[in-house]
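Since the structure comes first, as structure tokens, the remarks are kept for the end.
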Amino acid sequence: MNLKIAFLPLNDAAVLVAAREKGFAEEEGLALDLVRTTSWATLRDRLVFGQVHAAQMLAPLAVAVTLGLSQQPAALAAPYKLGVNGNMLVMATDFAKALEPDVAARLADPLGTAHDFAAAIGLWRRKPVIGVVHRFSSHSLMLRYWLASAGVDPDKDVVLRVLPPSLTVEAMRAGEIDGFIAGEPWGSAAVEEGLAETVSIGERIWRRGVEKVLAFREAWMEENPETVDRLLRALARAAAWCDDPANHVALSDLLADPRYVDQPAELIGRALSGQIVARAGEAAIANPDFMLFSREATPFPWRSQALWIYSQLVRWNMVDHDVATAAKAGAVFRPDIFRRALADSDVAMPGASMKVEGAVDLPMAVGSRRGELTLGPDRFFDGRVFDPERIEEFLAGFASPR
Amino acid sequence: MRIVIIDDSGLRATVLEEGLREAGYDDIHIVPPRGAFVARLERMAPDVVLMDLGSPSRDTLEEMLTVSRALARPIAMFVDQSDDSMIGAAIDAGVSAYVVDGLRKERVKPVLELAVRRFNAFAKIQGELDEARTALSDRKIIDRAKSILMNQRSLSEQDAYALLRSSAMNQGKKIVDVAQALITASDLLGGGI
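Quick note, the sequences are listed as chains G and Y, same order. Position one of the first sequence corresponds to residue 1 (the working numbering), numbered consecutively onward. Position one of the second sequence corresponds to residue 1001 (the working numbering), numbered consecutively onward.
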């Protein structure tokens, strides 16, 4: 069976690339045809109009397309998460001068840095222009969350400019943007060129932040259960391979290929190993949870995470809240398919399909149908917790930024 | 009907513009997706925006379509969602079209069909150009290998070429690959030309 899957050149295409290149897909009788795409709009269109079977999609975009917020509405389904975390916010070196100069301290204190950032806006010669990869991206939602915590209105006090990851470095060089938040290796590429410094990393904003998912058209997924199950099994094994530090060099080399990310393996490797260079020429800062593929049941599509995305879309007036819309958004994540596909595998299987997000401080063993499952700390940097049963309460907790 | 073509490749945009003019459309503008192209586009107030599906700037354009107050809000790329073959042909050809709300689909369809034909024609030209370019660089490599052989082994040009060709045939390789290997080896050995 030949499967076409669209992806963007990013580190978190890793699991798809490994599934193809390391034989995991082949073991399941699948031939993966990975279709490199340079914009989220085109990736979305290829999926929605049936030119590919599946896509590596921004989780919020899968929700948005299903809710009819992004061009042609289509029911999408995400039974598998391709990764957790992996984003980096970088700002022009000039702008970063107004922030904590010790970059390790800066990253370690996202709340303090958010307030420094708010002050730096006033010192900048114009409203800072910050690149985000898409309106419906986890990056954009996390950046908004982070800015708003320091009283910055992301729709008024800064300009958020949408551009795809592969154009971010060029736009920095041309002075069209003052910084950007994107998946790796693009932040590292800007740092390496001396154009920017790391200001924050996704993992310090939400320690286990939902990121890319494997998205299908729901109808196709329902009609092809056997193929879907095979693919999920192949991806689960590929993800375990990607997580193993022993494979990080090999994985960096794979991703560096012009058919995939087409960036130097050394830059790609930084995020995989969590060795983040925040300022050109300085020693790397260790962030072992910078990017997760497999451990802690990373691929499991918690419905509560789809609902967290939904809560943020409501918060920023991208959709009106009502119970039916919330249910539709939550149903984009399909733990039922995940369970079916991986029932006979050794993948740790959570007992529940929802959890309170942001409630785990220290690694915690949780109810699991099989094997031992330990969830890592998943705190939001501001200490809020998201109870998916109490969305209204959660939303009411945010002071209106207006 | 005002049509704006957003395109990086001057050649493809010209091929498309020509076709549209021949078909009787005369309000056509070409905008490269660089710098403040979004602001330019807003001022132009187009009815139809045509863009290469492979352009990384599509996300930037769509964001503008979402937030712009200056533009009447254009709808999605395909006017007639029921026309699957048209959509397939457009995606295969690499065309995306954004059409202003309210424009009748009978008016837009010929534009889209023409864009698909012209994009396909352009892809063909591009393919032929690439082939020609490869052929040219192949010839340069072979010429250099020939001159190395002529110098080092005092062969005539004809004999040098014959030697390359027979080596290639014996090894089951292309002449250009054998020539490249010879150049690399010669460089490593400090042979020079």
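Don't be surprised by glycine CBs; every beta carbon is placed ideally from N, CA and C. Since this is a predicted model, take the numbers as computed values, not measurements.
- Between the stretch 127-144 of chain G and the stretch 201-216 of chain G there are three or more C-beta pairs closer than 8 Å, enough to call the two in contact.
- Annotation: the continuous alpha helix (DSSP H) that includes N1170/Y extends over 1157-1171.
- Taking the Cα of A1013/Y as reference, the smallest distance to any Cα among N1120/Y, E1131/Y, L1188/Y, K1146/Y is reached at N1120/Y.
- Secondary-structure assignment with DSSP links H1029/Y through a beta bridge to V1004/Y.
- Contact annotation: in the stretch 1042-1063 of chain Y, residues whose CB is within less than 9 Å of a CB in chain G are L1053, G1054, S1055, P1056, S1057, R1058, D1059, T1060, L1061, E1062, E1063.
- Y260/G sits away from V65/G, with the two beta carbons spaced by 8 Å or more.
- Here L1020/Y has I1028 as same chain residues with Cβ atoms under 6 Å from its own Cβ, once five neighbours each way along the sequence are excluded.
- DSSP, reduced to helix, strand and coil, places M354/G outside both helices and strands of the structure shown, so it counts as coil.
- Counting the other Cβ atoms within 10 Å of the Cβ of Q1171/Y gives fewer than 16, which makes it exposed.
- Not one beta carbon of chain G lies nearer than 8 Å to the beta carbon of T1014/Y.
- Around the beta-carbon of K81/G, 16 or more other beta-carbon atoms lie within 10 Å, marking it buried.
- In the structure shown, V1049/Y adopts extended strand secondary structure according to DSSP, grouped into three states.
- Annotation: the stretch 206-294 of chain G contains the following complete segments of the beta strand (DSSP E) (minimum length 3 residues), in chain order: 212-217.
- Nearest Cα to V1031/Y within the set E1017/Y, T1134/Y, Q1126/Y, Y1025/Y: E1017/Y.
- The C-beta of A343/G has fewer than 16 other C-beta atoms within 10 Å across all chains shown, which makes the residue exposed.
- Counting along the chain, the unbroken beta strand (DSSP E) around S200/G starts and ends at 196-201.
- Of all alpha-carbon atoms in S1009/Y, L1050/Y, I1148/Y, the one lying nearest the alpha-carbon of Y1098/Y is that of L1050/Y.
- K81/G is bridged by DSSP to V213/G.
- Legend: CB atoms of the stretch 157-186 of chain G lying less than 8 Å from CB atoms of chain Y belong to residues R161, V162, L163, P164, S166, L167, A174, E176.
- Only G1035 from the stretch 1026-1043 of chain Y bring a Cβ to less than 8 Å from some Cβ of chain G.
- Annotation: the continuous beta strand (DSSP E) that includes M91/G extends over 87-92.
- DSSP links L76/G through a beta bridge to R217/G.
- Beta-bridge pairing by DSSP links Q56/G to L214/G.
- At least 8 Å separates the CB of I1006/Y from every CB of chain G.
- For the pair V159/G and A239/G, the Cα-to-Cα distance works out to about 36 Å.
- Residues of the stretch 1133-1145 of chain Y that bring their beta carbon within less than 9 Å of a beta carbon in chain G are absent altogether.
- Fewer than three pairs of CB atoms, one per stretch, sit closer than 8 Å, so the stretch 65-78 of chain G makes no contact with the stretch 168-175 of chain G.
- In the DSSP assignment, the residues bridged to K4/G are D33/G.
- Contact between V199/G and L89/G holds: their C-beta atoms lie close to 5 Å from each other, under 8 Å.
- With a threshold of 16 other beta carbon atoms within 10 Å, K212/G meets it and is buried.
- By the Cβ-count criterion, N317/G is exposed, with fewer than 16 other Cβ atoms from all chains shown falling within 10 Å of its own Cβ.
- Under DSSP, the beta-bridge partners assigned to Y1098/Y are V1049/Y.
- Rounded to the nearest angstrom, the gap between the Cα atoms of A234/G and A1132/Y is 42 Å.
- Boundaries of the alpha helix (DSSP H) around I1141/Y: 1105-1153.
- Here P301/G is buried: its Cβ has 16 or more other Cβ atoms, across all protein chains shown, within 10 Å.
- Listed in chain order, the alpha helix (DSSP H) elements of length 4 or more contained wholly in the stretch 136-185 of chain G are 138-149, 165-173.
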